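Asks: Residue numbers (the working numbering): 82 to 365.
Just so it is clear, CB atoms sit at the ideal spot from N, CA and C, and this is done for glycine as well.
Bear in mind that the values here come from a model prediction, so they are computed numbers and not experimental data.
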Ligand code: NAD
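(1) Given this structure, state the Cα-to-Cα distance separating residue 90 from residue 139, to the nearest angstrom.
(2) In angstroms, rounded to a whole number, what distance separates the CA positions of residue 276 and residue 315?
(3) Return the chain-ordered ranges of every alpha helix (DSSP H) run that is complete within the region 258-312 and spans a minimum of 4 residues.
(4) Quick one: Cα of residue 235 to Cα of residue 219, how far?
(5) Taking the alpha carbon of residue 194 as the reference point, which residue from 211, 135 and 278 has its own alpha carbon closest?
(6) Expressed to the nearest angstrom, what Euclidean distance is found between the alpha-carbon atoms of residue 343 and residue 112?
(7) Can you tell me where the alpha helix (DSSP H) with residue 146 in it begins and where it stops?
(8) For residue 167, which of helix, strand or coil comes out of DSSP?
(9) For the ligand NAD, is there any heavy atom lying closer than 7 angstroms to the beta carbon of residue 110?
(10) For residue 149, tell me which candidate among 279, 358 and 126 has the shortest Cα-Cα distance.
(11) With distances taken from CA atoms, which of 320, 253 and 286 is nearest residue 174?
(12) By the three-class DSSP mapping on this structure, what secondary structure does residue 154 have?
(13) Taking just the CA atoms, how far does residue 286 sit from residue 339?
(14) Can you grab the Cα-Cα spacing for the pair residue 158 / residue 186, in whole Å?
(15) Hey, is residue 269 close to the ligand NAD, as in C-beta under 7 angstroms from one of its heavy atoms?
(16) Among the residues of its own chain, which have a CB less than 6 angstroms from the CB of residue 152, if the five just before and after it don't count?
(17) Given a cut-off of 8 angstroms on the beta-carbon distance, is the pair residue 353 and residue 317 in contact?
(18) If we count the other Cβ atoms within 10 Å of its Cβ and call it buried at 16 or more, is residue 96 buried or exposed?
(19) Mind reading off the beta-carbon distance from residue 198 to residue 170? Whole number of angstroms is fine, and I expect it under 8 angstroms.
(20) Hey, would you say the C-beta of residue 316 is under 7 angstroms away from at least one heavy atom of the ligand NAD?
(21) At the level of alpha carbons, what is the spacing between residue 179 and residue 209?
(22) Given a cut-off of 8 angstroms, decide if residue 201 and residue 328 are closer than it, judged by their beta-carbon atoms.
(23) Along the chain, where does the alpha helix (DSSP H) that runs through residue 87 open and close?
As structure tokens, this is what we get:
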């Protein structure tokens, strides 16, 4: 039975995964690379929990201490010996993910399961780094994690049926709805979503429409809750760019080439909600 979960990477996704798990009574070890990143994660969890209390009945019954006390914030792997499940959420960059899995393989037990939270990186390629590749699975969480039921579960080439069953059961224990797909670049969600967002950025670059009008078309015309450019801001323009580069490289198909405006905005530090400015502006 899973009681303690190791969460690696405490950015947009990792901190919300930790918060969600803590709300369901799991003990969480949340690791990032610097004290500063860990401090920011703690702040984000506090802010997100306050918002969550307003909308999610389960959170309403909990206090801030209930949640924070279940999370060990750390910059080391010291406590990873005792975790049964790892959810990795580090930056969408192959070299960074590779380093993390090489380190995890040294500290975790052979029975540990690993969930790769990624937008586009191959689960099969990550699994091939590990002594037990059959214990590695993809879990593509949706943002914001505590508010989204869907998790796209990715079966890599080596992933065993037992790991898929264990992963599905684990996700259901915190009210997620897993949909299992096979490992292919971008899976289903991002193969389609990244292309849509990128094409909307081209439309803005070509002066077809302003960002607010692009999004209005999708909200009012197609009934989307959120427009593609607001979604881009929420995910992070850097993450979108990295995902497009992975898709471009994987399929060698020019349809995935990132729009120059997206590259320019990332170069300028306009990363979306997390930096306060992307296609729209945000006050903290
Ligand atoms: P982010 O940039 O907000 O956070 C990444 C974190 O990983 C940073 O805090 C960074 O310091 C940390 N990190 C880097 N190397 C590390 C290491 N060696 N050990 C521990 N921590 C390390 O990124 P994010 O948006 O949270 O994305 C994380 C993953 O989730 C990516 O693979 C991304 O594609 C995927 N994802 C993101 C979204 C989204 O909406 N942002 C949605 C689904 C999946």
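Replies: With the given structure in hand:
(1) 25 angstroms
(2) About 16 angstroms.
(3) The region 258-312 contains these whole alpha helix (DSSP H) runs: 270-286 and 292-297.
(4) 4 angstroms
(5) For the set 211, 135 and 278, the Cα lying nearest the Cα of residue 194 is the one of 211.
(6) 30 angstroms
(7) For residue 146, the uninterrupted alpha helix (DSSP H) segment begins and ends at 145-149.
(8) The answer is strand: DSSP assigns residue 167 an E or B state.
(9) no
(10) Closest option to residue 149, Cα to Cα, is 126.
(11) Residue 320 is the option with its Cα nearest to residue 174.
(12) strand
(13) 12 angstroms
(14) 11 angstroms
(15) No, Cβ of residue 269 sits at least 7 angstroms from all heavy atoms of the ligand NAD.
(16) 99, 103, 109 and 111
(17) Yes. Within cutoff.
(18) Per the 10 Å Cβ criterion, buried.
(19) 5 angstroms
(20) Yes, Cβ of residue 316 sits closer than 7 angstroms to a heavy atom of the ligand NAD.
(21) The alpha-carbon separation between residue 179 and residue 209 amounts to approximately 10 angstroms.
(22) yes
(23) Careful: residue 87 lies outside any alpha helix (DSSP H), inside the beta strand (DSSP E) at 85-89.
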